[in-house]
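A.B. asks: Below is one structure. I have some questions about it.
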Ligand SMILES: Cc1ncc(COP(=O)(O)O)c(C=O)c1O
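Residue numbers (my numbering): 380 to 879.
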């Protein structure tokens, strides 16, 4: 497991990066009473203030939210489809903060950000090398572009944690082989940081590909890794830092690397707030803007845009310290699980394959802790329900044996103490139930109808959710391992999405 703790947070001192043109403009506008004859009746509460259901609105959104819900465009704010004023200024500052040449705000999540980027990078029918462990949004987008795909296989080496990583060397060998065959790939898509916190030292891989042929683009999905650029320990692994390093190393080569990040997953941005960061030439950026226009809503939420801006400011100003605190919290939690006897039936999954094979280029982020519950002899889903009902703790990701704890910047020490309490109580109650097995029956609810027959051809994508990485692709011949895995996932109550 990768672990580093800095003695002193390295706060970036760059005043420009703390500017907030969008938030400033919005704050000016909300202080005026403006009646819009355009749209958005809810703006300023106009359509609901005397409504019979106002109380419900109020309970959900408070009194103030509607003030920043606005539809004003053009000279009085900016035009989101083709920003030239405060949104553009803000995006440019964000690019600088993340080491990109140009960044874009997306208010429809990384699902849409990925589609925008793929539409830009892949012409219809383009040859694309794609990491199988990518999020479903990527697989659907390349399918819709009718790309000629080669999948990079992934390794399911850690059964306990459910962590996997793509076959690092296969990417380069496959890339070079295609070149030799005279049919080079135009686009390589990699999952730079998985839901479970697996990330890579991608620089050598990208370097080798670009040295062989630089007529290629890279999309690195960093949905979970928006904080990476703001902490010394992670920064060198981010797509934008790699792009800058490689350009400095190889000034004559074309470098076209784009990353997509769900700011809402790891920074203080509202849900659906995502960034696209580009390290590419102006023509590419222009094309990306056009593709954004064709896919993205023309009515993006201003609160989400403003939150993308504020999340950048916070990351610049406080990110390093906050991530440092999260690392300390993670260390504390792991020590407790190891040392506390009342937690003896839990184990941290830290003996993964990670870092060993593949030249030590694959890591697990210490902020994503996988806890093995096998010794409790329950389904991980049962613990998740218990923790939610009794302690107000929400855990989303689990697999057959383990649950995943994400120590993001919103998690405080007190939250960890509550989680530890929940774990202690659960262990105690489970042990009591073990003495009375009748109470310990496992229900098989939520099973889906999908039957995976060994040797059959899959007619659909089968996607465990979360994390949304397909287990089976349409057209796959189902092998014994996959059929078994689907059976076990179903037994453990994991949601499987089946898409034709
Ligand atoms: C690796 C990865 N990429 C993309 C996405 C989609 O991101 P969003 O929820 O912002 O649309 C997810 C969502 O979990 C993800 O795990």
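Quick reminder that beta carbons are idealized off the backbone N, C-alpha and C, glycines included. No experiment lies behind these values; they were computed from the predicted model shown.
Can you list, in chain order, the residues of its chain with a C-beta nearer than 7 Å to that of residue 671? Leave out the 5 residues immediately preceding and following it.
C.D. replies: The residues are 483 and 495.
A.B. asks: Is there contact here, the stretch 751 to 770 with the stretch 609 to 623, by at least three beta-carbon pairs under 8 Å?
C.D. replies: The stretch 751 to 770, when compared against the stretch 609 to 623, does not touch it at the 8 Å Cβ threshold.
A.B. asks: Could you give the distance in angstroms between the alpha-carbon of residue 577 and the alpha-carbon of residue 745?
C.D. replies: Whole-angstrom Cα-Cα distance: 10 Å.
A.B. asks: Using the Cβ count rule (16 or more neighbours within 10 Å means buried), how would you classify residue 540?
C.D. replies: Classification for residue 540: buried.
A.B. asks: Hey, which unbroken runs of the beta strand (DSSP E) at 3 residues or more fall wholly within the stretch 717 to 803?
C.D. replies: 741 to 743, 747 to 751 and 781 to 785, all fully within the stretch 717 to 803.
A.B. asks: Kindly confirm or deny that the stretch 579 to 586 and the stretch 604 to 613 touch, where touching means at least three C-beta pairs closer than 8 Å.
C.D. replies: The stretch 579 to 586, when compared against the stretch 604 to 613, does not touch it at the 8 Å Cβ threshold.
A.B. asks: Can you name the residues that DSSP bridges to residue 843?
C.D. replies: According to DSSP, which records beta bridges pairwise, residue 843 is partnered with 875.
A.B. asks: Below 8 Å CB to CB, which residues in the same chain sit around residue 867 once its five sequence neighbours on both sides are set aside?
C.D. replies: Here the set comprises 779.
A.B. asks: Would you grab the beta carbon distance between residue 853 and residue 839 for me? Rounded to a whole angstrom, and I think it's under 8 Å.
C.D. replies: Correct: roughly 6 Å between the Cβ atoms.
A.B. asks: According to DSSP, residue 570 sits in a beta bridge with which residue or residues?
C.D. replies: Note: residue 570 sits in a beta bridge opposite 600.
A.B. asks: At a cut-off of 6 Å, would you count residue 647 as near ligand 1, judging by its Cβ distance to the nearest heavy atom?
C.D. replies: Because no heavy atom of ligand 1 lies under 6 Å away, the Cβ of residue 647 does not count as near it: no.
A.B. asks: Which same chain residues end up closer than 6 Å to residue 436 when comparing Cβ atoms and leaving out the 5 residues on each side of it in sequence?
C.D. replies: Within the same chain, residue 436 has close Cβ partners 427.
A.B. asks: If we count the other Cβ atoms within 10 Å of its Cβ and call it buried at 16 or more, is residue 439 buried or exposed?
C.D. replies: The residue is exposed, with fewer than 16 neighbouring Cβ atoms inside 10 Å.
A.B. asks: Please name the residue in 784, 659, 790 and 808 whose C-alpha comes closest to that of residue 743.
C.D. replies: That would be 784, whose Cα lies nearest to the Cα of residue 743.
A.B. asks: Can you tell me whether residue 416 is buried or exposed? The criterion is at least 16 other CB atoms within 10 Å of its CB, across all chains shown.
C.D. replies: Result: exposed.
A.B. asks: Using the three-state DSSP reduction, which class does residue 527 fall into: helix, strand or coil?
C.D. replies: Three-state result, residue 527: strand.
A.B. asks: Quick one, are the C-beta atoms of residue 729 and residue 751 less than 7 Å apart?
C.D. replies: The answer is no: Cβ separation not under 7 Å.
A.B. asks: For the alpha helix (DSSP H) that contains residue 485, what are its first and last residues?
C.D. replies: Where residue 485 is concerned, there is no enclosing alpha helix (DSSP H), although the beta strand (DSSP E) it sits in stretches over 481 to 485.
A.B. asks: So does the stretch 447 to 457 actually touch the stretch 404 to 413, counting three or more Cβ pairs closer than 8 Å?
C.D. replies: The stretch 447 to 457 vs the stretch 404 to 413: in contact.
A.B. asks: Let me know if residue 856 comes out buried or exposed under the rule of 16 or more other beta-carbons within 10 Å of its beta-carbon.
C.D. replies: It counts as exposed.
A.B. asks: Evaluate residue 553 with the Cβ neighbour count: other Cβ atoms within 10 Å of its Cβ, from every protein chain shown; 16 or more gives buried, anything less gives exposed.
C.D. replies: Buried is the call here.
A.B. asks: Near ligand 1, which residues have their beta-carbon closer than 5 Å to a heavy atom?
C.D. replies: With the cut-off at 5 Å, the residues found are 488, 489, 490, 514, 574, 600, 602 and 641.
A.B. asks: Helix, strand or coil for residue 657 per DSSP?
C.D. replies: If DSSP states are grouped into helix, strand and coil, residue 657 belongs with the strands.
A.B. asks: Excluding five sequence neighbours on each side, which residues of the same chain lie with their C-beta closer than 8 Å to the C-beta of residue 660?
C.D. replies: The residues are 633 and 635.
A.B. asks: Just to confirm my understanding: we take residue 874, look at its own chain, exclude 5 residues before and 5 after, and list those with CB closer than 6 Å. What are they?
C.D. replies: Once the five neighbours on either side are set aside, the close Cβ partners of residue 874 are 844.
A.B. asks: Suppose contacts are defined by Cβ-Cβ distances below 7 Å. Is residue 653 in contact with residue 488 by that definition?
C.D. replies: Yes, they are a contact pair.
A.B. asks: Using 10 angstroms around the beta-carbon of residue 606, count the other beta-carbons present and answer buried if the total reaches 16, otherwise exposed.
C.D. replies: Result: buried.
A.B. asks: Please report how far the alpha carbon of residue 430 lies from the alpha carbon of residue 424, in whole angstroms.
C.D. replies: Using only the alpha carbons, I get a separation of about 10 Å.
A.B. asks: Going straight from the alpha carbon of residue 804 to that of residue 555, what length do you get?
C.D. replies: Computed Cα separation, rounded: 55 Å.
A.B. asks: Among 858, 842 and 872, which residue has its Cα nearest to the Cα of residue 879?
C.D. replies: Minimum Cα distance to residue 879 is reached at 842.
A.B. asks: Report the option in 450, 749, 850 and 807 whose CA atom is closest to the CA atom of residue 781.
C.D. replies: For residue 781, the nearest C-alpha among the options comes from 749.
A.B. asks: Mapping the DSSP letters down to three states, classify residue 638 as helix, strand or coil.
C.D. replies: Three-state result, residue 638: strand.
A.B. asks: When the Cα atoms are used, what is the spatial distance from residue 637 to residue 475?
C.D. replies: Cα to Cα, residue 637 sits roughly 14 Å from residue 475.
A.B. asks: How do the stretch 639 to 655 and the stretch 500 to 513 stand: do at least 3 beta-carbon pairs fall below 8 Å, yes or no?
C.D. replies: No contact exists between the stretch 639 to 655 and the stretch 500 to 513.
A.B. asks: In the DSSP assignment, the beta strand (DSSP E) including residue 508 goes from what residue to what residue?
C.D. replies: Where residue 508 is concerned, the enclosing beta strand (DSSP E) stretches over 506 to 510.
A.B. asks: Give me, in chain order, the residues of the same chain whose beta-carbon lies closer than 7 Å to that of residue 651; leave out the 5 immediate sequence neighbours on both sides.
C.D. replies: If we look at residue 651 and ignore the five residues flanking it on each side, its Cβ neighbours are 486, 487, 488, 643 and 683.
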